[in-house]
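Residue numbers (the working numbering), protein chains in the order written: chain A, 288 to 575; chain B, 17 to 308.
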Amino acid sequence: MDFYFSLAQLIGVHTLLGLSAYIVLLTGQVSLAQAGFFAVGAYTAGMLTVLAGWHLVPALGASALSGAAVACAVGFPALRVKGLMLVIATLAFGEGVRLFFFNFDYQVAVDGIRLGPLGGEGFRQIRFFPENGWGTGEVMLFMWVFVIAAMALLWWFDRSRYGSVLRAVGEDELAAQSVGINLTAVKVSAMTVGGAIAGVGGGLYAHYTTHIEHSSFNILVATFAIAYPILGGLRNVFGTLLAVIFVQGFLVEGLRFMGDWRNLLFGALIVLAMNLRPSGFLGGRRRA
Amino acid sequence: MLDFLQAVSDGVLFGATYALIGIGFTLVFGVMHKINMAYAAASVGGAYCGLLVLKVMAGAPAWLVFLGAFAAGGVLGWMVYLTCFHFIPLSSPLATLMSTVGMLLLIDEVIVHVTNGMPQNYPLMFDDVMLRAGEFTLRGDLLLVFGVSVLVMIGLLLLLYHTRLGLATRAVSQQPVAAQLCGIRLVRVNALTFVVTGLLGGIAGALIGASVGMLSPLLTLPLTVKGLIVTVIGGLGSVPGAIVAGLLVGGFENVLQLYRGVTERDLYVMLLLFVFLVFRPGGIFAPKSGRD
Chain A
288 MDFYFSLAQL IGVHTLLGLS AYIVLLTGQV SLAQAGFFAV GAYTAGMLTV LAGWHLVPAL
348 GASALSGAAV ACAVGFPALR VKGLMLVIAT LAFGEGVRLF FFNFDYQVAV DGIRLGPLGG
408 EGFRQIRFFP ENGWGTGEVM LFMWVFVIAA MALLWWFDRS RYGSVLRAVG EDELAAQSVG
468 INLTAVKVSA MTVGGAIAGV GGGLYAHYTT HIEHSSFNIL VATFAIAYPI LGGLRNVFGT
528 LLAVIFVQGF LVEGLRFMGD WRNLLFGALI VLAMNLRPSG FLGGRRRA
Chain B
17 MLDFLQAVSD GVLFGATYAL IGIGFTLVFG VMHKINMAYA AASVGGAYCG LLVLKVMAGA
77 PAWLVFLGAF AAGGVLGWMV YLTCFHFIPL SSPLATLMST VGMLLLIDEV IVHVTNGMPQ
137 NYPLMFDDVM LRAGEFTLRG DLLLVFGVSV LVMIGLLLLL YHTRLGLATR AVSQQPVAAQ
197 LCGIRLVRVN ALTFVVTGLL GGIAGALIGA SVGMLSPLLT LPLTVKGLIV TVIGGLGSVP
257 GAIVAGLLVG GFENVLQLYR GVTERDLYVM LLLFVFLVFR PGGIFAPKSG RD
């Protein structure tokens, strides 16, 4: 049973990652910076619970805030460029964050043991869950509260005026601008919300694995983040969830019996899926 | 001062490979307005295929391996076009981005699978040659990298500006619809662009293998990032821009490696990119009429 709980935890974390890219994709921007915000959130929450002794819930709040702040700060210069330039700019930002944590040392002695991030060795001993005696089932429920909250938030956005504005910008920037929508404000706000969601996801991820290092936030994570909403389609948030379950549940875990060949199949299936359904599993006829 | 000069010259010589990778990204962008994320992986894949020559013919000379990589790169380029672009409608940019990322993962995994994840030695050329001027030295293998890159670039520029295919390619990159009305077959030009960039990539991969001394699938992701950075700094769609930016990035990173160490080096390359994005978003050779 623990295996399924832990799989559900992983799916939860990745859903948050996918949702953070989903809202940015709604505005028509492809951001490969989500892994960066994810990393900022993970390190923030980890340092607060381990080094400052905070409870996890306020620490996650702090990681949401820090993710949002970084996303907002990146959004302004990066969103000056559009389309493929933005892909590259955000890719470079994500790599920059990873390299920053690769060189980041901040160790403090807690109860005589030196804890904290240590450059390339990463940040070990993020043991909030075991120290407080949480079982895997409880941790899973705790995580899914956040996942469902994020999905509900984005679902509500989609039904509200704000969601229409986001999609309007995504469909046609010029038309949106001509009806008086402030493009920069919309794009940066979407980026900020995405950063907050990725920050929470990162905080949960750090406590779920108990050990984070720079390579847990590489380009692959960033591509996974945009892969979920693209594979699932942008019609609603469930496409993202479906894609996460398909990728993490079926491709990564379900095909484990295939051993090495599984990894080969993974890339090939993405290529195949995009050839067959260019606008995602649940995508309608709308232009992505 | 001498260390500085040495670092700059070594970096610029190695930067020629970045320039080749950057050209590949930029040509595809110019013609199709798409990014081929699988390009650097296909280049490294081509270089791996070059090693097959050694399998078939033990003790084959190094230039034959290079030739094998060159040819294999072209074939891989065409395959990437067929699997990631041909059947996907042009109006869904996200789909091709994703399919090429899938291809990048696939090529990476095929390499890991075939080689059991072990780095492969690559045949060296001129590695015993050293040009000296007092304390200042030029490594022979880096000179070879630079020389071959320059030859390949000259070949590419001749192809682009002095052949019918080049004319068609430039026409498509300027006005796809008008080019089609003039009887240019878009699909054929697109496919040939991928073959040409694939050939360049195969050579670039082989040169990187030869100057590093080995090939590893770990090379593909950093190379993808560097190639994209070079493309942006040079200006998307500009071939001369990619060449200059490649040499610039190569020199820049090597100098920072000297002063700040290998772990921090790439951080400064990212910063360089952001400086360009903020102050000169169009790149060094920004086209006059702004296009996306």
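All C-beta atoms, glycine included, are put in the ideal place defined by N, C-alpha and C.
Looking at the ligand HEM, does it come within less than 6 Å of residue i, judged from the CB to the closest heavy atom?
i: serine 59/B; result: Annotation note on the ligand HEM: not contained in the displayed structure, which lists no ligands.
Are any of the Cβ atoms in chain A nearer than 7 Å to that of residue i?
i: proline 256/B; result: no
i: valine 117/B; result: yes
i: glycine 306/B; result: Summary for glycine 306/B: the model assigns pLDDT 44, below 50, so the residue's position carries little reliability; its value from the coordinates is reported in the next sentence. Not one chain A Cβ lies under 7 Å of glycine 306/B.
i: serine 108/B; result: yes
i: leucine 269/B; result: The question names leucine, but residue 269/B is glutamate in the sequence shown. No, glutamate 269/B does not count as interfacial toward chain A.
i: valine 294/B; result: yes
i: isoleucine 249/B; result: no
i: leucine 244/B; result: yes
I want to verify the contact list: residues of chain B whose CB lies under 8 Å from the CB of residue i, in sequence order.
i: asparagine 390/A; result: Thr279, Glu280 and Leu283
i: methionine 561/A; result: Cys100, Ile104, Ala111, Thr112, Met114, Ser115 and Gly118
i: asparagine 523/A; result: Those do not exist, as asparagine 523/A stays about 17 Å from chain B at its closest Cβ, beyond 8 Å.
Are residue i and residue j closer than 7 Å when you measure CB to CB?
i: phenylalanine 292/A; j: methionine 478/A; result: no
i: methionine 53/B; j: asparagine 206/B; result: no
i: glycine 486/A; j: alanine 308/A; result: no
i: glycine 481/A; j: isoleucine 310/A; result: yes
i: isoleucine 517/A; j: methionine 119/B; result: no
i: leucine 122/B; j: alanine 555/A; result: yes
i: alanine 346/A; j: alanine 356/A; result: no
i: serine 353/A; j: valine 337/A; result: no
i: alanine 437/A; j: leucine 294/A; result: no
i: glycine 262/B; j: glycine 38/B; result: yes
i: threonine 112/B; j: phenylalanine 103/B; result: no
i: glutamine 136/B; j: leucine 67/B; result: yes
i: leucine 371/A; j: isoleucine 51/B; result: yes
i: valine 128/B; j: proline 233/B; result: yes
i: alanine 509/A; j: glycine 381/A; result: yes
Can you name the residues of chain A whose CB is closer than 7 Å to the CB of residue i?
i: threonine 320/B; result: Any answer about residue 320/B is impossible in this case: the structure gives chain B only from 17 up to 308.
i: phenylalanine 210/B; result: By Cβ distance, chain A contributes nothing, its closest Cβ being about 15 Å from phenylalanine 210/B, past 7 Å.
i: histidine 129/B; result: Asp547 and Leu551
For residue i and chain B, any beta-carbon pair shorter than 7 Å?
i: aspartate 547/A; result: yes
i: valine 368/A; result: yes
i: alanine 575/A; result: Because alanine 575/A sits at a pLDDT of 41, beneath the cut-off of 50, its placement in the model cannot be relied upon, and the following sentence gives the value as read from the coordinates. So yes, alanine 575/A belongs to the interface.
i: arginine 572/A; result: Low confidence applies to arginine 572/A: its pLDDT is 48, below 50, so where it sits in the model is not reliable, and the reading given next is rough at best. Taking Cβ atoms only, chain B never reaches closer than 7 Å to arginine 572/A, which makes this a no.
i: glycine 409/A; result: no
i: glycine 554/A; result: yes
i: threonine 510/A; result: yes
i: proline 404/A; result: no
i: asparagine 419/A; result: no
i: proline 345/A; result: no
i: isoleucine 468/A; result: no
i: isoleucine 499/A; result: no
In chain A, which residues lie with their C-beta within 8 Å of the C-beta of residue i?
i: valine 241/B; result: Leu378, Ala379, Glu382 and Ile506
i: proline 297/B; result: Arg367, Val368 and Met372
i: leucine 252/B; result: Leu371 and Met372
i: methionine 286/B; result: Ala379, Phe380, Glu382, Gly383 and Leu386
i: phenylalanine 152/B; result: By Cβ distance, chain A contributes nothing, its closest Cβ being about 31 Å from phenylalanine 152/B, past 8 Å.
i: valine 393/B; result: As displayed, chain B neither begins before 17 nor continues past 308, which places residue 393/B out of reach and without an answer.
So what does DSSP say about residue i, is it helix, strand or coil?
i: aspartate 459/A; result: coil
i: phenylalanine 301/B; result: coil
i: glycine 409/A; result: strand
i: isoleucine 245/B; result: helix
i: glutamine 136/B; result: strand
i: methionine 141/B; result: coil
i: leucine 154/B; result: strand
i: leucine 263/B; result: helix
i: methionine 230/B; result: strand
i: methionine 53/B; result: coil
i: isoleucine 499/A; result: strand
i: aspartate 282/B; result: helix
i: aspartate 289/A; result: helix
i: aspartate 392/A; result: strand
i: arginine 180/B; result: helix
Using a C-beta to C-beta distance shorter than 9 Å, which residues of chain A count as neighbours of residue i?
i: leucine 235/B; result: Within 9 Å Cβ-Cβ: nothing; leucine 235/B doesn't reach chain A, min ~13 Å.
i: phenylalanine 45/B; result: Leu371
i: isoleucine 51/B; result: Leu371, Val374 and Ile375
i: phenylalanine 30/B; result: The contacting residues do not exist; phenylalanine 30/B stays about 19 Å from chain A at best.
For a contact defined as C-beta to C-beta under 9 Å, what are the partners of residue i on chain B?
i: glycine 317/A; result: Checking the sequence, you will find valine at residue 317/A rather than glycine. Residues of chain B passing the Cβ test: Pro109, Leu110 and Leu113.
i: alanine 514/A; result: Met114, Val117 and Gly118
task = Say whether the stretch 358-370 of chain A touches the stretch 518-527 of chain A, bearing in mind that this needs 3 or more beta-carbon pairs closer than 8 Å, one atom from each stretch.
result = no
key: Meets three-Cβ-pair contact criterion under 8 Å: the stretch 151-160 of chain B and the stretch 92-101 of chain B   = no
query = Using 8 Å as the threshold, is the stretch 252-266 of chain B in touch with the stretch 207-215 of chain B, meaning 3 or more CB pairs across them?
reply = no
query = Is the number of C-beta pairs between the stretch 526-540 of chain A and the stretch 443-452 of chain A that are closer than 8 Å three or more?
reply = no
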